[in-house]
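Count the sequence shown with this note's numbering and you get residues 947 to 1023, in order. Think of the CB as a built atom: it goes at the ideal place given N, C-alpha and C, for glycine as much as any other residue. Keep in mind the model is a prediction, meaning the values are calculated, not measured.
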Amino acid sequence: MFTILLYTLLLTTFIIRTPQFNTPLKKYLNLTLILGTIVVVCINAATGSKVPDIIMYAILFIGFLPTLLKLGERKYK
């Protein structure tokens, strides 16, 4: 349950602070990756499979990695 709440919070953060990717395709591809990670977690919770939370957090990290990298870039003049 905590993992699903964490995903929802991070998805909301992503929608509010959408990073400006070079092309809209990258933006939507990143959003699809995030939604895919949320679906994996929801299916895991619904089926009751016993996947360890550390694996779910690894999927979370991979899903949000492009967003985190883009938000972490610094703009130099």
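Nearest to residue i (by Cα), restricted to the options the options
i	options	result
isoleucine 1001	Thr993, Phe1010, Val987 and Ala992	Val987
isoleucine 1008	Asp999, Ile989 and Leu979	Leu979
phenylalanine 1010	Leu981, Thr993 and Ala992	Leu981
Other residues of its chain near residue i: CB distance less than 7 Å, five sequence neighbours each side excluded
i	result
threonine 954	none
tyrosine 1003	none
Own chain, CB closer than 8 Å to residue i, minus 5 neighbours either side, in chain order
i	result
leucine 956	Ile980, Leu1006 and Phe1010
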